[in-house]
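Notes to accompany the following structure.
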Amino acid sequence: MELNLEHKVAIVTGANRGIGAGVARQLAQEGMRLVLVARDAAKLEETADDLRRRYGVTVLPLACDLREGSSASAVLQQTIGRFEQLDLLVNNAGATRRGDFFELTDDDWQDGLALKLHGYVRMTRAAWPHLAKTNGTTVNIVGVGAWTGIGEFTIGGAVNAGLMNFTKAMADLGKRDGVRVCAVNPGRIKTDRLERNIQRIAQASDIAPEEASARLLNECGINRFGSPDEIGLAVAFMASSAASFAQGAILDIDGGETRAI
Ligand SMILES: NC(=O)c1ccc[n+]([C@@H]2O[C@H](COP(=O)([O-])OP(=O)(O)OC[C@H]3O[C@@H](n4cnc5c(N)ncnc54)[C@H](OP(=O)(O)O)[C@@H]3O)[C@@H](O)[C@H]2O)c1
Numbered sequence: 000m001e002l003n004l005e006h007k008v009a010i011v012t013g014a015n016r017g018i019g020a021g022v023a024r025q026l027a028q029e030g031m032r033l034v035l036v037a038r039d040a041a042k043l044e045e046t047a048d049d050l051r052r053r054y055g056v057t058v059l060p061l062a063c064d065l066r067e068g069s070s071a072s073a074v075l076q077q078t079i080g081r082f083e084q085l086d087l088l089v090n091n092a093g094a095t096r097r098g099d100f101f102e103l104t105d106d107d108w109q110d111g112l113a114l115k116l117h118g119y120v121r122m123t124r125a126a127w128p129h130l131a132k133t134n135g136t137t138v139n140i141v142g143v144g145a146w147t148g149i150g151e152f153t154i155g156g157a158v159n160a161g162l163m164n165f166t167k168a169m170a171d172l173g174k175r176d177g178v179r180v181c182a183v184n185p186g187r188i189k190t191d192r193l194e195r196n197i198q199r200i201a202q203a204s205d206i207a208p209e210e211a212s213a214r215l216l217n218e219c220g221i222n223r224f225g226s227p228d229e230i231g232l233a234v235a236f237m238a239s240s241a242a243s244f245a246q247g248a249i250l251d252i253d254g255g256e257t258r259a260i
């Protein structure tokens with residue numbers, strides 16, 4: 000299938016590890032020029048070097064904290080300064096705290112919202128005029144926790160449900176402005192975030208991580224965990240000309256965890 004992404008320019012947030020790094024790899028494989036955003040500058044540079052070496056693409060790493068109000072416009076300024084265009088924004092950087100609802104504090108909620116909700120909103124606002132010029136695309140990485148309320152995932156669930164509505168609302172504006180907006184909902188993907196969750200289950204139940212892992216798979220009703228590159232492939236498709244009629248589409252990539260319609 001021809002994706003027509005070669006030489007186009009993408010920003011991927013949260014790109015120095017996990018799902019964001021998987022997305023960056025798949026887009027680099029398609030020949031896209033990339034702007035990678037995260038806080039850890041050394042790890043970003045490492046990821047950028049790996050992509051340059053493996054795929055021969057141009058990569059601009061930008062270290063910043065997307066919870067800060069001014070960071071989105073700074074990222075866009077540097078992107079346009081370097082590449083003079085933007086074709087794809089992948090909003091991915093997110094970290095909402097899990098745990099007992101009654102132990103989560105206002106600060107935990109504010110921190111989760113600051114990055115995953117306000118970060119996505121600000122990046123979308125700053126990128127929009129540039130995406131309108133190129134008939135570009137935004138892909139929001141949300142999460143299947145949006146569909147199903149889980150007692151120990153109140154912050155992530157609420158933010159993700161909101162982001163699905165935000166995706167649909169921006170897709171509505173995108174018809175007017177020539178921007179496509181879609182979302183990919185990962186299920187349980189093997190990243191540091193999932194490893195931390197497995198460790199937490201293991202400690203809470205005093206069991207080995209392997210047993211916690213098997214218990215989680217069983218609870219989710221899935222046969223295996225997904226990989227960051229499997230989410231990257233879905234993003235590449237959503238961003239491509241092959242998906243040009245997909246507007247406001249929300250794609251679950253979760254090994255069948257979501258059973259509701
Ligand atoms: N893994 C899963 O199973 C799963 C399932 C559903 C949804 N998701 C969603 O997928 C996205 C990625 O998850 P992941 O599992 O890949 O997470 P991860 O492994 O924890 O990676 C998070 C990425 O975001 C960056 N980041 C964190 N805080 C940041 C900040 N304040 N400013 C800028 N960048 C920041 C991190 O780099 P630095 O720390 O260097 O900043 C890292 O690159 C999240 O939105 C998550 O909610 C994941």
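At position 1 of the sequence shown the residue is numbered 0 (numbering that gives the first Met the number 0), and the sequence of numbers has no breaks.
C-beta atoms are modelled at their ideal positions from N, C-alpha and C, and glycine is treated no differently.
Keep in mind it's a predicted model, so treat the numbers as computed, not measured.
Exercise. Does any heavy atom of ligand 1 sit closer than 6 Å to the C-beta of N222?
Worked result: For ligand 1, not one heavy atom lies less than 6 Å from the Cβ of N222.
Exercise. Just reading off the beta strand (DSSP E) that C181 is part of, what are its end residues?
Worked result: Element bounds for C181: 179 to 185.
Problem set entry | Residue of G247, T257, M31, R16 minimising C-alpha distance to T137 | Comparing Cα-Cα distances from T137 to each of G247, T257, M31, R16, the minimum goes to G247.
Exercise. Going along the chain, which residues of its own chain have a beta-carbon closer than 7 Å to the beta-carbon of G142, five neighbours each way excluded?
Worked result: The residues G155, N159, N184, P185, in chain order, have a CB closer than 7 Å to that of G142 in the same chain once the five nearest residues on each side in sequence are set aside.
For this session: Indicate the three-state DSSP secondary structure (helix, strand or coil) for N90 in the structure shown.
Result: In this structure, N90 counts as strand in the three-state DSSP scheme.
Exercise. Considering only the beta carbon of each residue, do A235 and E83 sit closer than 7 Å?
Worked result: Cβ distance not < 7 Å, so A235 and E83 don't count as in contact.
Exercise. Thinking C-alpha only, which one of I252, R258, S243, E256 is nearest E1?
Worked result: Ranked by Cα distance from E1, the first of I252, R258, S243, E256 is S243.
Exercise. Could you give the C-beta distance for A131 and V178, rounded to a whole number, given that I count them as a contact under 8 Å?
Worked result: Rounded to the nearest angstrom, the Cβ distance from A131 to V178 is 6 Å, consistent with a contact under 8 Å.
Problem set entry | Candidates R97, G80, L88, of which the one nearest G148 by Cα | Proximity to G148 across R97, G80, L88 peaks at R97, based on C-alpha coordinates.
Exercise. Considering only the beta carbon of each residue, do A182 and I249 sit closer than 7 Å?
Worked result: A Cβ-Cβ contact shorter than 7 Å links A182 with I249.
For this session: Could you name the residues of the same chain whose beta carbon sits closer than 7 Å to that of L232, not counting the 5 residues immediately before and after it, in chain order?
Result: These residues qualify, in order along the chain: Q25.
Exercise. How many whole angstroms separate the CB atoms of L35 and P60, which I take to be in contact at a CB cut-off of 8 Å?
Worked result: The pair is a contact, with the Cβ atoms about 5 Å apart (cut-off 8 Å).
Exercise. Are the segment 187 to 196 and the segment 218 to 227 in contact at 8 Å, needing three or more beta carbon pairs?
Worked result: Cβ pair count under 8 Å is three or more, so yes.
Exercise. Per DSSP, G266 is paired with what?
Worked result: Any question about residue 266 goes unanswered here, given that the chain covers just 0 to 260.
Exercise. Between which two residues does the alpha helix (DSSP H) harbouring L2 extend?
Worked result: Per DSSP, L2 belongs to no alpha helix (DSSP H) and is neither H nor E.
Problem set entry | Reduced DSSP category for V36 - H, G, I as helix; E, B as strand; rest coil | V36: strand per DSSP, three-state reduction.
Exercise. Is it a yes or a no for the segment 112 to 122 touching the segment 88 to 104, going by three-plus beta-carbon pairs under 8 Å?
Worked result: Segments in contact, yes.
Exercise. Tell me which same chain residues have a C-beta within less than 6 Å of the C-beta of G31, skipping the five on either side of it?
Worked result: Reading off the sequence shown, one finds Met at residue 31, where the question assumed Gly. Closer than 6 Å at the Cβ level, and outside the excluded window around M31, lie L4, K7, A9.
Exercise. When the Cα of D105 is compared with those of V58, R124, T153, A62, which residue comes out closest?
Worked result: D105 has its Cα closest to that of T153, out of V58, R124, T153, A62.
For this session: Could you work out which residue in A259, A14, S239 is closest to G135 when comparing CA atoms only?
Result: The shortest C-alpha separation from G135 is found at S239.
For this session: Return the residue from the list R16, A157, T257, G118 that minimises the CA-CA distance to S72.
Result: With distances taken between Cα atoms, S72 lies closest to G118.
For this session: Measure the C-alpha to C-alpha separation of G173 and V180 and round it to an integer number of angstroms.
Result: For G173 and V180, the distance between alpha carbons rounds to 7 Å.
For this session: Please report the residue range of the alpha helix (DSSP H) in which D251 lies.
Result: Premise fails: D251 lies in the beta strand (DSSP E), 249 to 252, not in any alpha helix (DSSP H).
Problem set entry | Cα-Cα separation between T257 and I79, rounded to whole angstroms | Their Cα atoms are separated by approximately 39 Å.
For this session: Leaving out five residues on either side along the sequence, give the residues of the same chain with a beta carbon under 6 Å from the beta carbon of C21.
Result: The amino acid at residue 21 is misidentified as Cys; the sequence shows Gly. Hits under 6 Å: P227, D228, I230, G231.
For this session: May I ask you to check if the CB of G150 is nearer than 6 Å to at least one heavy atom of ligand 1?
Result: Checking every heavy atom of ligand 1 against the Cβ of G150, none is found closer than 6 Å.
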